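Working notes for the structure below.
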Ligand SMILES: *Cc1c(COP(=O)(O)O)cnc(C)c1O
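In my numbering, the protein residues as written are 2 to 380.
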């Protein structure tokens with residue numbers, strides 16, 4: 002076991018859905034400069050690609066592509082590569098990330114239909130069924146697994162089943178779930194699953210990745226209207242040139258990602274990581290409710306990733322935020338139009354001990370007379 006004491010501690014834990022708190026082992030891996038064109042580096046890329054398939058329990062019928070940028074770049078890459086030359090996507094949105102897919106489609110001039118649902122509701126499979134029966138032009142179904150806007154978990158199995166009954170290509174934004182929630186990619190017939198380095202795999206930001214059914218990916222040749230986001234081209238270069246990226250790659254992030262994957266396997270794979278996240282989330286919710294907070298989403302729809310809480314009466318989020326930050330925790334504001342909320346993520350290199358410490362800080366805040374102070378504290 003290496004000793005990572007030489008890596009500085011972070012100033013606070015990130016209770017946010019990515020970037021999130023990483024281990025010292027992951028951060029230590031960033032301390033070497035590597036050449037993006039060198040074969041030693043390219044072997045790391047190939048190792049990562051193979052391990053992603055292993056993690057998802059997939060064989061050579063599937064393949065992976067790594068793509069520079071934040072997660073959105075990977076979503077955009079799939080959409081512009083799959084739909085530029087014909088086809089029509091049915092996009093379902095019950096939060097910001099679903100809407101973002103529609104915005105990508107709109108800006109790139111891709112044919113699509115957007116169904117919007119309230120943020121409290123999961124995807125309604127009957128509604129999807131109805132549209133698929135009526136609109137024969139639809140070729141693709143695109144939706145978000147865990148909608149990070151609220152933490153709601155969409156009914157993946159049911160929606161994939163309908164899509165496959167109608168022989169549609171499935172594009173799944175599993176950004177905030179892959180690695181933390183088991184997804185049967187083969188069994189569900191998912192064609193393109195998108196995630197990124199800095200979510201449940203617990204790496205640092207810099208690239209996203211796509212797990213694709215090989216057969217579906219091969220259809221995308223010469224399809225993209227974007228050069229840098231051309232999924233097929235990116236894949237073709239990686240696949241046929243032993244892990245080579247077309248353009249400069251986030252070398253430090255890639256090296257850190259390999260360590261993060263190693264940690265995930267050592268933890269016992271996705272099943273065990275899911276169990277840890279679920280324990281943290283359950284403990285968080287139980288204790289927040291004890292302190293008088295209410296969850297925004299019906300509990301039966303909760304993901305083990307992030308939870309949305311309603312403000313308490315006369316609640317000042319800013320003062321709450323700085324109070325917790327000073328004590329070593331950074332939380333996330335809400336993003337909803339119809340309710341005053343904040344979010345607490347529990348993915349990352351976190352333990353139950355961390356959640357307990359957080360709860361005792363929140364308890365202190367709830368009882369603290371300084372609650373009304375509005376401003377950022379001076380240190
Ligand atoms: C994080 C996230 C994304 C990507 O966001 P970026 O800021 O581009 O990394 C997309 N979809 C979901 C559901 C996410 O949680």
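Where a beta carbon is used, it is the ideal one built from N, C-alpha and C, also for glycine.
In this text the structure is predicted, and so the values were computed from the model without any measurement.
> Going by the beta-carbon positions, is the gap between residue 90 and residue 146 smaller than 8 angstroms?
Replying inline: Cβ atoms of residue 90 and residue 146: not closer than 8 angstroms.
> Just to confirm, are residue 246 and residue 218 a CB contact at a threshold of 8 angstroms?
Replying inline: No.
> Skipping 5 residues on each side, what residues in its chain have a beta carbon closer than 7 angstroms to that of residue 329?
Replying inline: Correct list, in chain order: 13 and 14.
> Which of the three DSSP states, helix, strand or coil, is assigned to residue 47?
Replying inline: Helix at residue 47.
> When the Cα atoms are used, what is the spatial distance from residue 25 to residue 5?
Replying inline: Going from the Cα of residue 25 to the Cα of residue 5 covers about 6 angstroms.
>> Let me check you understand the geometry: is the CB of residue 148 closer than 7 angstroms to at least one non-hydrogen atom of ligand 1?
In response: Taking 7 angstroms as the cut-off, one finds at least one heavy atom of ligand 1 near enough to the beta carbon of residue 148.
> Where are the alpha helix (DSSP H) runs, 4 residues long or more, that stay fully inside the region 271-296, in chain order?
Replying inline: Within the region 271-296, no run of alpha helix (DSSP H) reaches 4 residues while sitting entirely inside it.
> So, helix, strand or coil for residue 210, using DSSP?
Replying inline: Residue state, collapsed to three classes: strand.
> Just the Cα atoms here: how many angstroms apart are residue 364 and residue 283?
Replying inline: When rounded, the distance between both Cα atoms is 17 angstroms.
> Straight-line CA distance for residue 33 to residue 203?
Replying inline: Using only the alpha carbons, I get a separation of about 19 angstroms.
> What's the gap between the Cα of residue 232 and the Cα of residue 170?
Replying inline: One alpha carbon belongs to residue 232, the other to residue 170, and they sit about 16 angstroms apart.
> What is the rounded straight-line gap between the Cα of residue 379 and the Cα of residue 362?
Replying inline: Reliability of the predicted coordinates at residue 379 is poor, the pLDDT of 49 falling under 50, and the value obtained from them is presented with this limitation in mind. Going from the Cα of residue 379 to the Cα of residue 362 covers about 19 angstroms.
>> Taking only three categories from DSSP, how would you classify residue 197?
In response: Look at residue 197 here: in three-state DSSP terms it is strand.
> Opposite residue 334 in the DSSP bridges: which residues?
Replying inline: Residue 334 has 343 as its beta-bridge partners, per DSSP.
> Got a sec, what are the start and stop residues for the alpha helix (DSSP H) residue 355 sits in?
Replying inline: Residue 355 -> alpha helix (DSSP H) spans 353-368.
> For the beta strand (DSSP E) that contains residue 141, what are its first and last residues?
Replying inline: From DSSP, the beta strand (DSSP E) with residue 141 extends over 141-145.
>> Along the chain, where does the alpha helix (DSSP H) containing residue 387 start, and where does it finish?
In response: In this structure the chain extends from 2 to 380, so residue 387 is not present and cannot be described.
> DSSP three-state call for residue 83: helix, strand or coil?
Replying inline: Helix at residue 83.
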